[in-house]
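Q:
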Ligand SMILES: Nc1ncnc2c1ncn2[C@@H]1O[C@H](COP(=O)(O)OP(=O)(O)O)[C@@H](O)[C@H]1O
Ligand SMILES: [Mg+2]
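Chains as they are written, first to last, in the working numbering: chain V, 10 to 236; chain A, 208 to 972; chain H, 17 to 105; chain D, 17 to 105.
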């Protein structure tokens, strides 16, 4: 039986179908989760997709933090379940304090959509273990508020503990230390701004590198099963 | 605290009957004396305030098409009969069948004046409005496109309007989650003070889900879904769309502006689709330009003819709104639903699950009247068809502008041209750097293009291509084009050239064009010269569509795009929809692989009148536009579909503004490859590079397919001329015997121009 | 050094989607007795020591740059000679 | 009815590109003696007539929702019993 990845739909989620497609093409089984349900039973991992969860005009992800489903996701993440947040999902993870730092308005003040080269800085997370460290991947980045910021102390700690997961080759938004994605201490929770789910088919994406994200979590989960 | 106590004196039907001589401001509301008299005639009394507001709105140019209607009839009369057309003109948007199961609906609409007054919100609500038209047909919106026209790029007001408009299109489309798959950006001083913002939306549905806007079934409940009603744009779109701006832009006369809430619109999409899929609605109508007034009267008129509404039930956002305010409000993100009483609870529950307000405000009746009560007192009692269908129709006078003959002899073919290789080389670069031809990435990168994961081709391709079905690979192509300089020189030919370009752009992806939507942007219909341009353009499009066998399925007319007596160029913007059986076989932009043959299909004539070259280098507009040959366009489309189907073509690009020179620049820029070009013997390099003869495409033929492609062309009587080869080792453009331009030099000219002019602006908002 | 605060708010008649979204979220925090939330911009401008016509200049800045008169109103407050480093807590 | 104003500003050490953009645009308006511009949010919250613990509730709203402590600071001001319809001009 293949792994079941729950994809949360907030009312303003936009990339939930795309995430489901990516999970499916990557060989796992997508399961739809609703923001107002406390139940996420039966899933082996959670994907928080891009979009504007509750009409994120105030601050992206600020309201989603208070959703039913996030309480459950938090508990599951604490218990070691793999959780990935992409774009708005990353913002939600930061706002929910599952990941450090914050994502603020791009330095150039515009929403910008472009294929973006990223370096995979560590394979020691549930969502990147299928990549060679240092591999370059191309995912579309598309956001207006994706500039990663945190205290210098927090940044140093992230660097020292190998928790910077993705770094921009050409920083598109002014993120501190070119950070595109980070992970939790245990490495099971990963957030990144660019969109792996839009890089899963040669026909529609700039690459198929996004499939590596799904391959990673599958490998992580199957290892867990062996153990 | 949404309901207010009834403490104001309301003008009821009873009051109106008792006070027949009460003076009413019909003229201020834009009604003519005879129109007011007709209203009194219809009602047998003076209208109440609310009724007067409703008639003035529904009988406005914007809602009644009173000046254009007599001409638009041609579309219906000349439209080719096709079994594909499931819903046509008169519906919220045209619907065409794609295969046995899938239908697609698309439409282009303008939001010009509001985008001048408040660029960001004007453009944003324009996108929101056209999306609701698509929802109302039963479809899930799947993409948008935008056709934008601004004044001179160096004019200070362009620095205000352009970034705002782009921000608005971007904000709304991105938040509601629709990929932007193309459009155009044009600069011309004629749009100074009258920018054009035309937006297209496209949606997809199972054929069986097609919705109706009928309020049928006596006893069925009328539900208002979505945002609360506020004072937004009261007298807005309608009055706005029919008012010429006074030359000294009086700030206080600026009408109130609508602000859009794309998150709310996203909820509307999800709730409506859920209701359609579960069969819970009988009828549906979006609330657009004329708010409740339009939605109530149109659904009632299209259905059983009667409706009763209790207006105080409408949830309000602002205090102190009177009945006519509520009826005229243009608050965004609202839809009207007609629901069987047995399903009401279910409908309300589903709306609530998504966090959307839904309120029963009335019911369908068999009275033949639209009756609106306010706190129990009747404020409206009218036959709904008198509002929706029986507005005034004008036969406005039209005459050919007297300057046209003079303009026709002022031919661009006689302008001084670059002659030496160095001059021509420089012209290639100058043209690439000109505002209309330069790279538009600064704009397009502000738009999401990949959400939904079905965008197979987006900008900067000639047309957007979307996959509709992952299993079968079937998809659609869409292009949105206009060339108002040609239309200014000859509106009939110009409109057909526009049509031909959009048609060709769709064909260039390998898709087969099947349907048209158009947005007609013109000056004041009260000017006989403008009216003549309008009549000629409509006739051109109708004749062209008849000839090419593709129906006009809907569109939009925007008049009064003028400041004082200065009208914009006649600007028909045409959207063509095509179908492609397997999106994997689409033809991309670029130069294929090293060794592939670059060839030109079509005939290059000495045609410069109305061209980008004449404009960019001489600020010249005169002469007669290039020849249009629709037969040829149809053969070309047939050829391209066949080459794509047989995978005999590696890449292709339209030759339009800027001619072959610009096509090469773009192909080189996008592919990262170089091109070695050898012009045919005896060809004049300048003419060959810059002529804008239409019906031409540049194709890239994979090695080994040259013979087959040549045969396919000959079989269809299409002239094909080999031009050279694609080569990864050639740096940029090598024009044998003439000059070289390196890739970096090409990019330096072509890229970054918009940012240079506007990048620093508009950041404060 | 003069500090000026310009508050820019949407006109009351204009829909404030940002405020609506926050209002809609309050019940999730257990707050149920709020009737309206409106969100605008607060702009803090610091003038040089010897700047003159501070209020006048601020008015120009607010009118031309900070507020969009079609949909927004603004107010200006001049806080004369604030100590440096006054923290916004 | 109590009205509360919550001002949310980016912490000083966080780059405020919007403020920088305004600062950079000032010379074009002829304003040359401004040394800094910072842009934040002003949130006006209206509580129901009989709401209690207005300040406390506002603090919860500000702390949990309106401001992100990682990057922002806030201040709260309670304006007791404002007349209805008070216009922001
Ligand atoms: N405002 C816009 N919105 C979306 N796409 C645009 C816009 N302006 C230009 N484009 C896209 O940029 C590309 C180049 O535009 P244009 O020069 O008009 O192309 P073409 O030569 O095919 O007519 C096209 O793919 C077009 O769709
Ligand atoms: Mg074009």
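The beta-carbon is built from N, C-alpha and C at its ideal position, and this holds for glycine as well.
Since we're looking at a predicted model, the values are computed, not measured.
1) Please give me, in chain order, every unbroken run of the alpha helix (DSSP H) with length at least 4 that falls completely inside the segment 690-768 of chain A.
2) With a threshold of 8 Å between beta-carbons, can residue 562 of chain A be considered close to chain H, or not?
3) Among residues of its own chain, excluding the 5 on either side of residue 132 of chain V, which ones have a beta-carbon nearer than 6 Å to its beta-carbon?
4) Spatial neighbours of residue 105 of chain V within its chain, please: C-beta separation below 6 Å, excluding the five flanking residues on both sides.
5) For residue 213 of chain V, which option in A:377, A:488, A:659, A:376 has the closest C-alpha, if you only look at C-alpha atoms?
6) Chain V beta carbons: is any one of them nearer than 8 Å to that of residue 656 of chain A?
7) Let me check understanding here. Comparing Cα to Cα, which of A:902, A:915, A:809, A:314 lies closest to residue 354 of chain A?
8) Please identify, using Cβ separations under 8 Å, the residues of the segment 34-49 of chain V that lie next to chain D, in order along the chain.
9) Taking beta-carbon pairs under 7 Å, can you tell me which members of the segment 38-52 of chain H lie near chain V?
10) How would you call residue 125 of chain V, buried or exposed, if buried means at least 16 neighbouring beta carbons within 10 angstroms?
11) Under 8 Å, do residue 517 of chain A and residue 424 of chain A count as touching if we go by C-beta distance?
12) As an exercise, report each continuous beta strand (DSSP E) stretch of at least 3 residues that is fully enclosed by the segment 244-326 of chain A, in chain order.
13) Quick check on DSSP: helix, strand or coil for residue 476 of chain A?
14) Please report the distance separating the alpha-carbon of residue 616 of chain A from that of residue 596 of chain A.
15) Taking residue 232 of chain A as part of the alpha helix (DSSP H), name the residues at either end of that continuous run.
16) Thinking residue 904 of chain A and residue 877 of chain A are a contact (beta carbons under 8 Å), I'd like their distance in whole angstroms, please.
17) By DSSP, does residue 492 of chain A sit in helix, in strand, or in coil?
18) The alpha helix (DSSP H) with residue 73 of chain H in it runs from where to where?
19) Is the CB-CB distance between residue 273 of chain A and residue 601 of chain A below 8 Å?
20) Once the 5 residues before and after residue 580 of chain A are set aside, which same chain residues still bring their CB inside 6 Å of it?
21) Hey, would you say residue 70 of chain D sits closer than 8 Å to residue 37 of chain D, going by beta carbons?
22) How would you label residue 890 of chain A, buried or exposed, when you count the other beta carbons within 10 angstroms and need 16 or more for buried?
23) Under DSSP, the alpha helix (DSSP H) around residue 97 of chain V begins and ends at which residues?
24) Measuring only between beta-carbons, confirm whether residue 212 of chain V sits less than 8 Å from chain H.
25) Would you kindly work out how many angstroms separate the C-alpha atoms of residue 569 of chain A and residue 62 of chain D, rounded to a whole number?
26) With distances taken between CB atoms, is the gap from residue 941 of chain A to residue 796 of chain A smaller than 8 Å?
27) Does residue 323 of chain A get closer than 8 Å to chain H when you measure Cβ to Cβ?
28) With a cut-off of 8 Å, does the C-beta of residue 77 of chain H fall near any C-beta of chain V?
29) Show which residues of chain H have a CB atom less than 7 Å away from the CB atom of residue 66 of chain V.
30) What does residue 515 of chain A pair with, by DSSP beta-bridge criteria?
31) Got a sec: is the Cβ-Cβ distance from residue 652 of chain A to anything in chain V below 8 Å?
32) Closer than 7 Å by beta-carbon distance: list the chain H residues that pair up with residue 55 of chain D, in chain order.
33) On the criterion of 16 or more Cβ atoms from any shown chain inside 10 Å, does residue 45 of chain D qualify as buried, or is it exposed?
34) By the 10 Å Cβ neighbour count, where 16 or more other Cβ atoms means buried, how is residue 223 of chain V classified, buried or exposed?
35) Tell me whether residue 703 of chain A is buried or exposed, calling it buried when 16 or more other Cβ atoms sit within 10 Å of its Cβ.
36) Could you tell me whether any Cβ in chain H is nearer than 8 Å to the Cβ of residue 177 of chain D?
A: If we stick to the structure as given:
1) Correct list: 691-696, 698-714, 735-755.
2) Yes, its Cβ sits closer than 8 Å to a Cβ of chain H.
3) 138, 140, 142
4) 74, 79
5) A:659
6) yes
7) A:314
8) none
9) Those would be 38, 41, 44, 45, in chain order.
10) buried
11) no
12) 292-294, 301-304, 309-317
13) helix
14) 45 Å
15) Neither: residue 232 of chain A is in no alpha helix (DSSP H) and is coded neither H nor E.
16) That pair is no contact at about 16 Å.
17) Strand, per DSSP.
18) 70-77
19) yes
20) 517
21) no
22) So residue 890 of chain A counts as exposed.
23) 97-104
24) no
25) 32 Å
26) no
27) no
28) no
29) What residue 66 of chain V touches in chain H: 33, 34, 37.
30) For residue 515 of chain A, which the question treats as bridged, DSSP gives the partners A:570, A:578.
31) yes
32) 57, 59
33) Residue 45 of chain D is classed as exposed because its beta carbon has fewer than 16 other beta carbons within 10 Å across all chains shown.
34) Buried is the call here.
35) buried
36) Since the first residue shown for chain D is 17 and the last is 105, residue 177 of chain D is missing from the structure and cannot be characterised.
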